[in-house]
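If you read the first sequence in this note's numbering, its first letter stands for residue 2, the second for the next number, and so on. Where is the CB? At the ideal position from N, CA and C, for every residue including glycine. Here is the structure we will look at.
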Amino acid sequence: MIHLLDSRLHDAVLDTFEATFGKRPADKQIQIQTTRAEFEGDRTVVVFPLAGMAGGPPHVVAEKLGEALAAAHPWIVAYGVVKGFLNLTLSNKSWSNTLKDALTDTWGFAPKGSKSQVMVEYSSPNTNKPLHLGHLRNNFLGYSVSRILEAAGHDVVKVQIINDRGIHICKSMVAWQKMGNGETPASTGEKGDKLVGRYYVAFDKAFKAEVAEGVARGLDPKDAEAASPIMQEARAMLQRWEDGDAEVVELWKTMNSWVYEGFNATYEDMGVTFDKLYYESDTYLLGKKHVEDGLAKGLFFQKEDGSIWVDLTEDGLDEKLLLRGDGTAVYMTQDIGTAILRFEDFPALDRQVYTVGNEQEYHFKVLFLILKKLGFAQADQNHHLSYGMVELPEGKMKSREGTVVDADDLLLEMRSTARDISDELGKVDEFSEEDKAALARKVGHGALKYFLLKVAPAKSMMFDPKSSIDFFGNTAPFIQFNVVRCKSILRSVMVQDLAWSSDTPMDSAERTLAAGVLSFPSIVQEAAATYDPSLIANHCYDLIKAFSSFYQDHPIAKEEDDNVRQLRLALCAAVSTTVSNGMSLLGIDMPERM
RNA sequence: GGUCCCAUAGCUCAACAGGAUAGAGCAUCUGCCUUCUAAGCAGACGGUUCGGGGUUCGAGUCCCUGUGGGAUCGCCA
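Pasting the structure below:
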């Protein structure tokens, strides 16, 4: 939480301490924080870590340091000591001048490409069922982290691996062949991903029935599963697919194209984009090759049935299957190929970030270990951005039990709720129908994105479909509402160049706003370093909440003193820009009016 | 059973690198719209930060241990 004033203060404390006590502390020993509201001052130096070096009790050292700082620096206008805390009051001029530096449209953003190239993978759905609430968290998180890394100066490549092949899609294909009667999205008017998903469910139902029947005949459940005719058909189809059977490939292409059409509509609605798509069907063979190479080099081993494994027991893990006995690929096979291919495609790539749920932590641990065993140079340049599940009150979402919250449905519901509230408040009645719809989208989708992103990624979260997502309180609409207030004020006065005397006094509310604006760049950097959009969300909320309170009892455009008015307008502009920029990193747009 | 993650107000979440009396929102209650947009503001109520040890000037935060919850250890992805 360092801002421009703090870095100056940091240096001043270092120098003054050395001049006073004859020793120079390490950077880390200088701790500067915001002074708590109940004490006088702006910034606080925590003196405890320095007391030992200075050779005195903390409050005495603080007193001496404060006296020396105030004497040496005219911009430190007052100090006070409470226990080992040295509270400093900074001059109006120092606040004003740093605030002026923050008045740019790109405030908080580092120059593009000033840091390394990073690849962020997210979404990566299977092509056998529609996107649901879990995907929404994944997509919003991945997209937001991409934006944050970009804002921190990285060159970001957004990708996904589309799991377009494998047993799962064969299940939908078999079911459609047997029960589909030639249905298409065009013939039914259904979204393609929904249609294919329906047949995946139909497969599961038929499979369960066959297993139950087998068990009733006295079979062991495991044997019953293996004996299930429809499952055998799916396996046979996978084999035929890998053999390049023309008929199977044709059906596969057709059904996948239906799914992609559906997915693309949902992505567009969500407002997420990708720079490059990887398809498992293109990379699994590459993975197979790497696995076979590894086997040849003696890194992996083969069992009697021909299946290939890696032994990770020395690393505290188990043996892991890399290729089935029948030669068909598993998930891990293609992931090896994809990882290596990506570093080949992007030679400048510094690292890869995989946005994938915490249920796959083991998988990625294994993947990264295997890459290392293969001697892959960038094996250590991979990061699994793991996030917690979205759970319903009754537990995990289960597609087979029909408890899945559909992504399209939820987005629609958010828009519609936003529209209802907007109509009820009646503040934009003169908007065109088009503008009203656009506003409802910004507000409704914003509420959903904020809801999912304000929670730290590692935490699992609860979503209760019965109690809808809030539009009041700590929400995106609240933040949007206050930014709209800022914009409304700034529109009304036609600001050009804001200018005010640097000596213009700033009260504590104004200093709080300035501090929130000034610390934003370091928040962006920290969010990038920790892949954590919730830091941005919380900072935006804290800042705009402070503004909302400030707004209540401080006239801004109506302030009569010219200097004070200009200063407050500048604060208003800076808060608006800072919060808008922050929210844009969450993929949330700010309306002009609402 | 092994490994990893989580546990903070009735509920959902914060708390910067270990810093001062742990903060917001929702819910409940009380005030405030003739004044830059009330999707708002101000206030009240609400806590043994899961239990127990330890490290130190200082622990919600770090270490150990116990409890509770989740994930994972598949020829699923």
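*Name the two residues that bound the continuous alpha helix (DSSP H) containing Thr-189.*
Run containing Thr-189: 186-189, per the alpha helix (DSSP H) assignment.
*Element boundaries [alpha helix (DSSP H), containing Thr-255]*: First-last of the alpha helix (DSSP H) with Thr-255: 247-271.
*Which two residues bound the contiguous beta strand (DSSP E) that contains Trp-310?*
Here the beta strand (DSSP E) through Trp-310 covers 309-312.
*Please determine, among Tyr-200, Asp-194, Phe-473 and Ala-13, the residue with the shortest C-alpha to C-alpha distance to Gly-445.*
Ranked by how close their Cα comes to the Cα of Gly-445, the residues Tyr-200, Asp-194, Phe-473 and Ala-13 have Phe-473 in first place.
*asked:* Relative to the C-alpha of Ile-231, which candidate in Ile-168, Thr-90, Phe-275 and Thr-17 has its C-alpha closest?
replied: Here the closest residue by C-alpha is Ile-168.
*According to DSSP, is Val-354 helix, strand or coil?*
Strand, per DSSP.
*asked:* Quick check on Ala-27: buried or exposed, where buried means 16 or more other Cβ atoms within 10 Å of its Cβ?
replied: Exposed, because fewer than 16 other Cβ atoms sit within 10 Å of the Cβ of Ala-27.
*Tell me where the beta strand (DSSP E) around Glu-39 begins and ends.*
From DSSP, Glu-39 is part of no beta strand (DSSP E); its letter is neither H nor E.
*Along the alpha helix (DSSP H) that carries Gly-81, what are the first and last residues, could you check?*
Counting along the chain, no alpha helix (DSSP H) covers Gly-81; the unbroken beta strand (DSSP E) around it starts and ends at 77-83.
*Starting from Val-14, follow the alpha helix (DSSP H) in both directions and report where the run begins and ends.*
Note, Val-14: alpha helix (DSSP H), 5-22.
*Among residues of its own chain, excluding the 5 on either side of Asp-156, which ones have a beta-carbon nearer than 6 Å to its beta-carbon?*
Only Gly-114 and Gln-118 meet the Cβ criterion.
*Since Gln-497 is in the alpha helix (DSSP H), which residue starts that stretch and which ends it?*
It is not in any alpha helix (DSSP H) - Gln-497 carries neither H nor E in the DSSP assignment.
*Where Glu-355 falls, given that 16 or more other Cβ within 10 Å makes a residue buried*: First, the amino acid is wrong: residue 355 is Tyr here, not Glu. Buried, since its Cβ has 16 or more Cβ neighbours within 10 Å.
*Between Asn-140 and the rest of its own chain, which residues show a CB-CB distance below 7 Å, the 5 nearest in sequence each way excluded?*
For Asn-140, the CB contacts under 7 Å within the same chain, skipping 5 residues up- and downstream, are Tyr-123, Ser-124, Met-271 and Val-273 in chain order.
*For the region 485-497 and the region 169-178, state whether three or more C-beta atom pairs, one from each stretch, are separated by less than 8 Å.*
Taking 8 Å as the limit for Cβ pairs, the verdict is that the region 169-178 does not touch the region 485-497.
*Can you tell me whether Gly-215 is buried or exposed, with buried defined as 16 or more other CB within 10 angstroms of its CB?*
When all chains shown are included, Gly-215 counts as buried.
*Phe-86 bridges to which residues according to DSSP?*
Within the DSSP bridge table, the entry for Phe-86 names Val-47 and Val-83 as partners.
*Can you pull the DSSP bridge partners for Leu-322?*
According to DSSP, Leu-322 bridges with Trp-310.
_Leu-91 and Tyr-80 closer than 7 Å at C-beta_ = It is not a contact, given that the beta carbons lie outside the stated cut-off.
*Can Phe-464 and Val-405 be called in contact, C-beta distance under 7 Å?*
Contact: no.
*Inter-stretch contact at 8 Å, needing at least 3 Cβ pairs: the region 99-112 / the region 357-377*: Output reads no: the region 357-377 does not touch the region 99-112.
*Would you check if the distance between the CB atom of Ala-515 and the CB atom of Phe-551 is smaller than 7 Å?*
No, they are not a contact pair.
*What do you get for Pro-534, buried or exposed, if any count of 16 or more other CB atoms within 10 angstroms of its CB means buried?*
It is buried - the Cβ of Pro-534 has at least 16 other Cβ atoms within 10 Å.
*For Ser-387, which residues from the same chain have a beta carbon less than 6 Å from its beta carbon, with the 5 sequence-adjacent residues on both sides left out?*
So the list reads Asn-359 and Glu-362, once near-sequence residues are dropped.
_What does the alpha-carbon distance come out to for the pair Phe-202 and Leu-239?_
Before going on, a small fix: residue 202 reads as Val here, not Phe. For Val-202 and Leu-239, the distance between alpha carbons rounds to 18 Å.
_Identity of the residues DSSP links to Asn-383 by a beta bridge_ = Within the DSSP secondary-structure output, Asn-383 pairs in a beta bridge with Gln-353.
_Checking 7 Å against the spacing of the C-beta atoms, do Phe-22 and Ala-55 come in under that value?_
Taking 7 Å as the Cβ cut-off, Phe-22 and Ala-55 qualify as a contacting pair.
*The alpha helix (DSSP H) with Tyr-279 in it runs from where to where?*
Segment 277-280 is the beta strand (DSSP E) holding Tyr-279; no alpha helix (DSSP H) there.
_Do Phe-18 and Thr-45 have their beta-carbon atoms positioned less than 7 Å apart in this structure?_
Not a contact, by the Cβ cut-off of 7 Å.
*Alpha carbon to alpha carbon, how far is Gly-517 from Ala-528?*
Rounded to the nearest whole angstrom, the CA to CA distance from Gly-517 to Ala-528 is 15 Å.
_For Val-119, the three-state DSSP class (helix, strand or coil)_ = Note: Val-119 maps to strand in three-state DSSP.
_For a test of the three-state rule: what should DSSP assign to Ala-111, helix, strand or coil?_
Ala-111 falls in the coil class under three-state DSSP.
*Candidates Val-525, Asp-409, Lys-443 and Gln-526: closest to Asp-194 by CA position*: Between Asp-194 and the set Val-525, Asp-409, Lys-443 and Gln-526, the nearest pair of CA atoms involves Asp-409.
*I think Ile-371 touches Val-429, with their Cβ atoms under 8 Å apart; what is that distance to the nearest whole Å?*
A Cβ-Cβ distance of about 56 Å is found for the pair Ile-371 and Val-429, leaving them out of contact under the 8 Å criterion.
*Residue ranges of each alpha helix (DSSP H) within the region 379-460, 4 or longer*: Runs found: 408-426 and 434-454.
_Separation of Asp-43 from Met-2, as counted between CA atoms_ = Low confidence applies to Met-2: its pLDDT is 38, below 50, so where it sits in the model is not reliable, and the reading given next is rough at best. C-alpha separation (whole angstroms): 14 Å.
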